[in-house]
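Participant:
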Amino acid sequence: MRAVIQRISRASVTINDTVKSSIEQGLLILVGIEDSDNQEDIEWLSKKIIHLRIFNDENGVMNRSVLEINGDILIVSQFTLHALTKKGNRPSYIRASKPEIAIPLYESFCRELTALLGKDVKTGEFGADMKVELLNDGPVTIWMDTKNRE
Numbered sequence: 005m006r007a008v009i010q011r012i013s014r015a016s017v018t019i020n021d022t023v024k025s026s027i028e029q030g031l032l033i034l035v036g037i038e039d040s041d042n043q044e045d046i047e048w049l050s051k052k053i054i055h056l057r058i059f060n061d062e063n064g065v066m067n068r069s070v071l072e073i074n075g076d077i078l079i080v081s082q083f084t085l086h087a088l089t090k091k092g093n094r095p096s097y098i099r100a101s102k103p104e105i106a107i108p109l110y111e112s113f114c115r116e117l118t119a120l121l122g123k124d125v126k127t128g129e130f131g132a133d134m135k136v137e138l139l140n141d142g143p144v145t146i147w148m149d150t151k152n153r154e
């Protein structure tokens, strides 16, 4: 699994001119899933994200997690995170999972983060044409891949 984690002041997902989800301070997570991903990847990534100390403490030092600030999380599926760009100019998405594999893993990832956060996470809609709007705070943007744990 690949994730781009962004510390945000606010974020929203709009589908067909209707806002599906919106959050205030917290994290916007773009997640890409490949066929080799499994529950172990979900658990590892979820724990890393929930405890990632990227929010400022009283001294202005990034020392608090989304859990500690009682922040929100918005999760958006994004198969393009697995784009292969080595050859030519048109990215290949062959590593990105098809919906029959990706949807159950995406839903499990959302459930895992909900459980760890102690409140519902917000989501986009898998496979939809979404307009994602955000105000990146910092900016703080972190890329993680469960295949590069060590």
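Each residue of the sequence shown is one higher than the last, beginning at 5 in this note's numbering.
Beta carbons are placed, not taken as given, at the ideal position from N, Cα and C, and that holds for glycine.
Let me make sure I understand the geometry here. Which of 94, 41, 103, 27 has the alpha-carbon closest to that of residue 70?
Facilitator: The residue given as residue 70 occupies position 66 in the sequence shown. Nearest C-alpha to residue 70: 27.
Participant: According to DSSP, is residue 58 part of a helix, a strand, or is it coil?
Facilitator: Translated into positions along the sequence shown, residue 58 becomes position 54. Three-state result, residue 58: coil.
Participant: State buried or exposed for residue 15, treating a residue as buried only when at least 16 other CB atoms are found within 10 Å of its CB.
Facilitator: Your numbering for residue 15 matches position 11 in the sequence shown. The residue in question, residue 15, is buried, as its Cβ has 16 or more Cβ neighbours within 10 Å.
Participant: Taking Cβ to Cβ, would you say residue 77 is nearer than 8 Å to residue 117?
Facilitator: Start at 1 with the first residue of the sequence shown, and residue 77 comes out as number 73. Start at 1 with the first residue of the sequence shown, and residue 117 comes out as number 113. Cβ distance < 8 Å, so residue 77 and residue 117 count as in contact.
Participant: Are residue 50 and residue 130 close, meaning C-beta to C-beta below 8 Å?
Facilitator: Here residue 50 refers to the residue found at position 46 of the sequence shown. Here residue 130 refers to the residue found at position 126 of the sequence shown. Not in contact: residue 50 and residue 130 (Cβ atoms no closer than 8 Å).
Participant: Evaluate the contact criterion for the stretch 128-142 versus the stretch 39-57: three or more CB pairs, one atom per stretch, below 8 Å.
Facilitator: Contact fails: fewer than three Cβ-Cβ distances are below 8 Å.
Participant: I need the straight-line Cα distance from residue 65 to residue 57, nearest angstrom please.
Facilitator: If you number the sequence shown from 1, residue 65 lands on position 61. If you number the sequence shown from 1, residue 57 lands on position 53. Spanning the two alpha carbons is a distance of roughly 9 Å.
Participant: Could you pull the DSSP bridge partners for residue 76 from this structure?
Facilitator: Here residue 76 corresponds to residue number 72 of the sequence shown, with the count starting at 1. DSSP lists 30 as partners of residue 76.
Participant: Give me the Cα-Cα distance between residue 102 and residue 63, rounded to the nearest whole angstrom.
Facilitator: Here residue 102 corresponds to residue number 98 of the sequence shown, with the count starting at 1. Here residue 63 corresponds to residue number 59 of the sequence shown, with the count starting at 1. Each residue's alpha carbon lies about 45 Å from the other.
Participant: Just curious, the alpha helix (DSSP H) that residue 69 is in, first and last residue?
Facilitator: Along the sequence shown, read from residue 1 onward, the residue named residue 69 stands at position 65. Note, residue 69: premise wrong, no alpha helix (DSSP H); not H, not E.
Participant: Looking at the secondary structure, which residues open and close the beta strand (DSSP E) in which residue 15 lies?
Facilitator: Against the sequence shown, residue 15 aligns to sequence position 11. Its beta strand (DSSP E) spans residues 6-19.
Participant: Please determine, among 92, 136, 107, 55, the residue with the shortest C-alpha to C-alpha distance to residue 21.
Facilitator: One-based indexing of the sequence shown puts residue 21 at position 17. Out of 92, 136, 107, 55, 136 has the C-alpha closest to the C-alpha of residue 21.
Participant: Count the other C-beta atoms from every protein chain shown that fall within 10 angstroms of the C-beta of residue 31, then say buried if there are 16 or more, exposed otherwise.
Facilitator: Position 27 of the sequence shown, counted from the start, is the residue given in the question as residue 31. By the 10 Å Cβ count, residue 31 comes out buried.
Participant: Spatial neighbours of residue 82 within its chain, please: C-beta separation below 7 Å, excluding the five flanking residues on both sides.
Facilitator: Here residue 82 corresponds to residue number 78 of the sequence shown, with the count starting at 1. 34, 35, 36, listed in sequence order.
Participant: Going by alpha carbons, who is nearest to residue 99 out of 86, 90, 106?
Facilitator: Residue 99 sits at position 95 when you count from the first residue of the sequence shown. Out of 86, 90, 106, 86 has the C-alpha closest to the C-alpha of residue 99.
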